[in-house]
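> Next up is a structure, given as structure tokens.
Number of protein chains: 2
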Amino acid sequence: MRCPRSGRSRLLLPWLLVLLFVAGNAGCRTRPIAVEPVLVIHGGAGVPSKSELTPEGDRAYREGLTEALVAGHAVLRQGGSSLDAVTAAVRVLEDNPLFNAGRGAALNRDGVAELDSAVMDGATLKAGAVAGVRTVRNPVDAARKVMERTPHVLLAGSGAEAFAVSAGLPVVSNAYFITEARRRQLQEILDAPSRRAALPASVGFGTVGAVALDRSGHLAAATSTGGLAGKLPGRIGDSPLIGSGTWADDATCAVSSTGQGEFFIRYAVAHDIAARMAHGGRSVDAAAREVVLGTLVKAGGEGAVIVLDRRGRFSMPYNSEGLFRGWIGSDGIPHTAIHER
Amino acid sequence: MRCPRSGRSRLLLPWLLVLLFVAGNAGCRTRPIAVEPVLVIHGGAGVPSKSELTPEGDRAYREGLTEALVAGHAVLRQGGSSLDAVTAAVRVLEDNPLFNAGRGAALNRDGVAELDSAVMDGATLKAGAVAGVRTVRNPVDAARKVMERTPHVLLAGSGAEAFAVSAGLPVVSNAYFITEARRRQLQEILDAPSRRAALPASVGFGTVGAVALDRSGHLAAATSTGGLAGKLPGRIGDSPLIGSGTWADDATCAVSSTGQGEFFIRYAVAHDIAARMAHGGRSVDAAAREVVLGTLVKAGGEGAVIVLDRRGRFSMPYNSEGLFRGWIGSDGIPHTAIHER
Numbered sequence: 002m003r004c005p006r007s008g009r010s011r012l013l014l015p016w017l018l019v020l021l022f023v024a025g026n027a028g029c030r031t032r033p034i035a036v037e038p039v040l041v042i043h044g045g046a047g048v049p050s051k052s053e054l055t056p057e058g059d060r061a062y063r064e065g066l067t068e069a070l071v072a073g074h075a076v077l078r079q080g081g082s083s084l085d086a087v088t089a090a091v092r093v094l095e096d097n098p099l100f101n102a103g104r105g106a107a108l109n110r111d112g113v114a115e116l117d118s119a120v121m122d123g124a125t126l127k128a129g130a131v132a133g134v135r136t137v138r139n140p141v142d143a144a145r146k147v148m149e150r151t152p153h154v155l156l157a158g159s160g161a162e163a164f165a166v167s168a169g170l171p172v173v174s175n176a177y178f179i180t181e182a183r184r185r186q187l188q189e190i191l192d193a194p195s196r197r198a199a200l201p202a203s204v205g206f207g208t209v210g211a212v213a214l215d216r217s218g219h220l221a222a223a224t225s226t227g228g229l230a231g232k233l234p235g236r237i238g239d240s241p242l243i244g245s246g247t248w249a250d251d252a253t254c255a256v257s258s259t260g261q262g263e264f265f266i267r268y269a270v271a272h273d274i275a276a277r278m279a280h281g282g283r284s285v286d287a288a289a290r291e292v293v294l295g296t297l298v299k300a301g302g303e304g305a306v307i308v309l310d311r312r313g314r315f316s317m318p319y320n321s322e323g324l325f326r327g328w329i330g331s332d333g334i335p336h337t338a339i340h341e342r
Numbered sequence: 002m003r004c005p006r007s008g009r010s011r012l013l014l015p016w017l018l019v020l021l022f023v024a025g026n027a028g029c030r031t032r033p034i035a036v037e038p039v040l041v042i043h044g045g046a047g048v049p050s051k052s053e054l055t056p057e058g059d060r061a062y063r064e065g066l067t068e069a070l071v072a073g074h075a076v077l078r079q080g081g082s083s084l085d086a087v088t089a090a091v092r093v094l095e096d097n098p099l100f101n102a103g104r105g106a107a108l109n110r111d112g113v114a115e116l117d118s119a120v121m122d123g124a125t126l127k128a129g130a131v132a133g134v135r136t137v138r139n140p141v142d143a144a145r146k147v148m149e150r151t152p153h154v155l156l157a158g159s160g161a162e163a164f165a166v167s168a169g170l171p172v173v174s175n176a177y178f179i180t181e182a183r184r185r186q187l188q189e190i191l192d193a194p195s196r197r198a199a200l201p202a203s204v205g206f207g208t209v210g211a212v213a214l215d216r217s218g219h220l221a222a223a224t225s226t227g228g229l230a231g232k233l234p235g236r237i238g239d240s241p242l243i244g245s246g247t248w249a250d251d252a253t254c255a256v257s258s259t260g261q262g263e264f265f266i267r268y269a270v271a272h273d274i275a276a277r278m279a280h281g282g283r284s285v286d287a288a289a290r291e292v293v294l295g296t297l298v299k300a301g302g303e304g305a306v307i308v309l310d311r312r313g314r315f316s317m318p319y320n321s322e323g324l325f326r327g328w329i330g331s332d333g334i335p336h337t338a339i340h341e342r
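Residue numbers (this note's numbering), protein chains in the order written: chain F, 2 to 342; chain U, 2 to 342.
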């Protein structure tokens, strides 16, 4: 015998499923009219151990991160684009000599600062990058100009510098980038190359980066670095490589990486996180953790990523000692963290 | 009442499922003891239309492809590695002035040949690449040396050249690479930049590449190019970028791309094909076609890929006029194709 109640459920069920399907797809396809903007930044995975970091050092790093958060969030709060926000945040970190990007960059084997940077726009999948520049004061601005003013994505070396000059960007001497701390660091590496393995934190994978979500629901990412201390001249790491150290696609997420760049290239880390979301249905957190705590750990690659999706959910997994990082969301308060999980 | 036959099926079914699962996974994990080697190559998607290609031109391109197939297959037949096979095949194409790599490379805006190349080993996910080299006779050999002798993946410009010299590789003057046909091509572009869009075939995305499967079941990929004719000095295209123009992972596939490089970077084409296989369960052919005939066409990016999986299945989709390509498998006979589907 048939129960009338169960009969009604049977009639309702297909409609409920249709409704759920429509609602789910609507959520996926329509752009929210106004989203709460979010900015997440990092100042590198090259973090000293807790005992090595003095209270003054801790404070200085947090102040630097906060300054970048405030600069980037001001752009977002005023309705600016995520692309402008990540550029603004990374510019502040490039200008801060504490971080391995712009002024304060790690030096190559010959004592020269060679800088890499990339930006990517999640709305259009347009991207720009420079590698191995020695005289452009803010490499992130040069990356933006490559995206906006050339048919190319990546310019390197003297060609990139000539372009930056033609685009009207400020140029400095290489000495502007070099700090006493970086000179000492390089000397230590050159004096005892075998110590390099024992010095992961100070071998300068202190890349900086930012990912942002703006009020229009668009994602963007930017990364900037001096690269690996003691690197061969001409070495390009993962930071300026789209899909390795930098990625942004509104359909999935925005990513900025830091760590032993060669591993991030060989495992296409930034794109693999997005691909796990796109093709494997993973959440932003699951995808980021699988790659950083799974793939990279198995391969022996140290580092971290910051990843943000277009609903404002973010993840900052690291397999290193710590990660200089910060975030600012709907509460408008800049948060920073270094060692704490 | 219960039918004994159906009862037996019920008992058998779970065991059958377990068996299927184990068999499926065994197939995924164990390496075949001896596989039939396969080599697939391309000489670029910058193919003239059928009416423009003379019978002599057709023959010359096919001879060039055949020579590369024979050189690479000789390595595989003798039990050599897929890495050695792709390097050998690409070296032959670099030496052939018909193709846009090594001698015969497209020229940058200043009339200089700036060469890019990458190799990747699917067994170890190790990779090496050079970008913007002007004097290294065979860029693919320099890419191999970066992989084997440095802790880095990518070296660019004069740093890459200094490394190649220190690794004992033959150096030539830039004039060695320059042919009369490429000089004429550049002049046409400089004379009428607006014609560039009307000249897709001759604007030289004639990159070359190879993917191979060796007797041990290992995959490898190599790509080499002079890049886009008339490019800005210092421009790096997709060819030397791991995950953009070149990829190899025994778990999925080996890929080499050719086309409008900037699109291949912005869509992480090579890695996206592998990711659709890894995370989306696609076959090599479905993954390659989705990206080249779906993603790239929608984005407006012209080009092609060759993709090979570790069972020897391969795919060579192109959305351009044609693709200079060739393959050689268990029959030991070199096959070539240009316009034919």
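Idealized CB from N, CA, C, for every residue including glycine.
Can you give the Cα-Cα distance for Glu115/U and Ala72/F, rounded to whole angstroms?
If you number the second sequence from 1, residue 115/U lands on position 114. If you number the first sequence from 1, residue 72/F lands on position 71. In a straight line, the C-alpha of Glu115/U is about 39 Å away from that of Ala72/F.
> At 7 Å on the CB atoms, spell out the chain U contacts of Pro140/F, in chain order.
As a first step, residue 140/F must be located in the first sequence, where it is residue number 139. Correct list: empty, because the minimum Cβ distance to chain U is about 14 Å.
> Have a look at Asp358/U and Leu84/U and give me their C-alpha separation to the nearest angstrom.
Absent from the model: residue 358/U. The displayed extent of chain U is 2 to 342, so no value can be given.
> According to the neighbour-count rule (16 or more other Cβ atoms, all chains shown, within 10 Å of its Cβ), is Ser167/F buried or exposed?
The residue given as residue 167/F occupies position 166 in the first sequence. Burial call: exposed.
> Of all the residues that make up the segment 203 to 233 of chain F, which are near chain U by a beta-carbon distance shorter than 9 Å?
Going along the segment 203 to 233 of chain F in chain order, one finds Leu229, Lys232 and Leu233 with a Cβ nearer than 9 Å to chain U.
> Quick one: grab the DSSP three-state call for Met317/U.
Along the second sequence, one-based indexing puts residue 317/U at 316. In this structure, Met317/U counts as coil in the three-state DSSP scheme.
> Could you have a look at Lys146/F and say whether DSSP puts it in helix, strand or coil?
Residue 146/F sits at position 145 when you count from the first residue of the first sequence. The answer is helix: DSSP assigns Lys146/F an H, G or I state.
> Exposed or buried, Gly333/F, counting other C-beta atoms within 10 Å across all chains shown (16 or more means buried)?
Residue numbering aside, residue 333/F sits at position 332 when the first sequence is read from its first letter. Exposed, because fewer than 16 other Cβ atoms sit within 10 Å of the Cβ of Gly333/F.
> Using DSSP with H/G/I as helix, E/B as strand and the rest coil, what is Ser159/F?
Your numbering for residue 159/F matches position 158 in the first sequence. Correct three-state label for Ser159/F: helix.
> Would you tell me roughly how many angstroms separate the C-alpha atoms of Ile243/F and Gln261/F, rounded to the nearest one?
The residue you call residue 243/F lines up with position 242 of the first sequence. The residue you call residue 261/F lines up with position 260 of the first sequence. Distance between the alpha carbons of Ile243/F and Gln261/F: 16 Å.
> Given that a residue counts as buried once 16 or more other Cβ atoms are within 10 Å of its Cβ, and exposed if not, what is Pro335/U?
Along the second sequence, read from residue 1 onward, the residue named residue 335/U stands at position 334. Classification of Pro335/U: buried, given that the 10 Å Cβ count is 16 or more.
> Can you pull the chain U residues whose beta carbon is under 7 Å from the beta carbon of Gly133/F, in chain order?
Translated into the one-based positions of the first sequence, residue 133/F becomes position 132. What Gly133/F touches in chain U: Ala157 and Gly158.
> Inspect the CB distances between the segment 141 to 155 of chain U and the segment 173 to 188 of chain U and report whether three or more fall short of 8 Å.
The segment 141 to 155 of chain U, when compared against the segment 173 to 188 of chain U, does not touch it at the 8 Å Cβ threshold.
> For Lys51/F, which three-state DSSP category applies?
Within the first sequence, residue 51/F is the residue found at index 50, counting from 1. Note: Lys51/F maps to coil in three-state DSSP.
> Compare the C-beta of His340/F against all C-beta atoms of chain U and say whether one is closer than 8 Å.
Translated into positions along the first sequence, residue 340/F becomes position 339. His340/F does not count as touching chain U.
> Cα-Cα, which of Ile329/U, Ser331/U and Tyr319/U is closest to Glu341/U?
Counted from its first residue, the second sequence places residue 341/U at position 340. When each option's Cα is compared against that of Glu341/U, the closest is Tyr319/U.
> What do you reckon, are the CB atoms on Val292/F and Ile274/F nearer than 8 Å?
Stepping through the first sequence from its first residue, residue 292/F is reached at position 291. Stepping through the first sequence from its first residue, residue 274/F is reached at position 273. Their beta carbons are under 8 Å apart, which means Val292/F touches Ile274/F by this criterion.
> Could you tell me which whole beta strand (DSSP E) segments of length 3 or greater appear in the segment 85 to 141 of chain F?
For the segment 85 to 141 of chain F, whole beta strand (DSSP E) runs of length 3 or above, ordered along the chain, are 116 to 122 and 127 to 134.
> Within 10 Å of its beta-carbon, does Glu95/U have 16 or more other beta-carbons around it, so buried, or fewer, so exposed?
Locating residue 95/U in the second sequence gives position 94, where the first residue counts as 1. Counting Cβ neighbours within 10 Å, Glu95/U comes out buried, since at least 16 surround it.
> Three-state secondary structure (DSSP) at Val308/F?
Taking the first sequence and counting its residues from 1, one reaches residue 308/F at position 307. Three-state result, Val308/F: strand.
> Using a Cβ cut-off of 8 Å (strictly closer), state whether Trp328/F contacts chain U.
Within the first sequence, numbered from 1, the residue matching residue 328/F stands at position 327. Chain U contact via Cβ: absent.
> For Ala287/U, which residues in the same chain have their Cβ closer than 8 Å to its Cβ, ignoring the five residues on either side in sequence?
Within the second sequence, numbered from 1, the residue matching residue 287/U stands at position 286. For Ala287/U, where only same-chain residues beyond five positions count, the Cβ hits under 8 Å are Arg277.
> Could you tell me whether any Cβ in chain U is nearer than 8 Å to the Cβ of Phe164/F?
Residue numbering aside, residue 164/F sits at position 163 when the first sequence is read from its first letter. Taking Cβ atoms only, chain U reaches closer than 8 Å to Phe164/F, which makes this a yes.
> Give me, in chain order, the residues of the same chain whose beta-carbon lies closer than 8 Å to that of Leu108/F; leave out the 5 immediate sequence neighbours on both sides.
Looking up residue 108/F in the first sequence gives position 107. Correct list, in chain order: Ala114, Ile179, Arg183, Arg184, Gln186, Leu187, Gly227, Ala230 and Gly231.
> Ignore the nearest five residues each way along the sequence and tell me which others in Gly235/F's own chain have a CB closer than 8 Å to its CB.
Along the first sequence, one-based indexing puts residue 235/F at 234. Once the five neighbours on either side are set aside, the close Cβ partners of Gly235/F are Glu115, Gly133 and Gly158.
> Assuming Ala405/U and Val137/U are in contact, meaning their beta carbons sit under 8 Å apart, how far apart are those beta carbons, in whole angstroms?
As displayed, chain U neither begins before 2 nor continues past 342, which places residue 405/U out of reach and without an answer.
> Determine the direct distance from the alpha carbon of Glu37/F to that of Gly210/F, and round the result to whole angstroms.
In the first sequence, counting from the first residue as 1, residue 210/F sits at position 209. In the first sequence, counting from the first residue as 1, residue 37/F sits at position 36. One C-alpha to the other measures close to 21 Å.
> In terms of residues, what are the limits of the beta strand (DSSP E) holding Ile179/F?
As a first step, residue 179/F is located in the first sequence; it is residue number 178 there, counting from the start. Here Ile179/F belongs to no beta strand (DSSP E), and DSSP marks it neither H nor E.
> For a test of the three-state rule: what should DSSP assign to His336/F, helix, strand or coil?
Within the first sequence, numbered from 1, the residue matching residue 336/F stands at position 335. In this structure, His336/F counts as strand in the three-state DSSP scheme.
> At the 8 Å Cβ level, is Arg30/F part of the contact set with chain U, yes or no?
In the first sequence, counting from the first residue as 1, residue 30/F sits at position 29. The predicted position of Arg30/F is uncertain, since its pLDDT is 41 and thus under 50; a value taken from the coordinates is nonetheless stated next. So no, Arg30/F is outside the interface.
> Check the Cβ of Ile190/U against every Cβ in chain F and list those closer than 9 Å, keeping chain order.
Taking the first residue of the second sequence as position 1, residue 190/U is located at position 189. By Cβ distance, chain F contributes nothing, its closest Cβ being about 12 Å from Ile190/U, past 9 Å.
> From Leu99/F, Glu322/F, Ser331/F and Phe100/F, pick the residue whose C-alpha is nearest to that of Pro51/F; which is it?
Along the first sequence, one-based indexing puts residue 51/F at 50. According to the sequence as given, residue 51/F is Lys; it is not Pro. Looking at the Cα atoms, Glu322/F is the closest of the given residues.
> Strictly below 7 Å CB to CB, what residues from chain U border Pro152/F?
Residue numbering aside, residue 152/F sits at position 151 when the first sequence is read from its first letter. Those are Glu263, listed as they occur along chain U.
> Determine, for Ala144/U, whether the minimum Cβ-Cβ distance to residues of chain F falls below 8 Å.
Residue numbering aside, residue 144/U sits at position 143 when the second sequence is read from its first letter. No - not a single Cβ of chain F is within 8 Å of the one on Ala144/U.
> Roughly how far, in whole angstroms, is the beta-carbon of Ala90/U from the beta-carbon of Ala69/U, given that I think they are within contact range, below 8 Å?
Taking the first residue of the second sequence as 1, we reach residue 90/U at position 89. Taking the first residue of the second sequence as 1, we reach residue 69/U at position 68. Indeed, because the Cβ distance is near 4 Å, the residues count as touching under 8 Å.
> Quick check: is the beta carbon of Asp332/U nearer than 8 Å to any beta carbon in chain F?
Indexing the second sequence from 1 puts residue 332/U at position 331. Asp332/U does not count as touching chain F.
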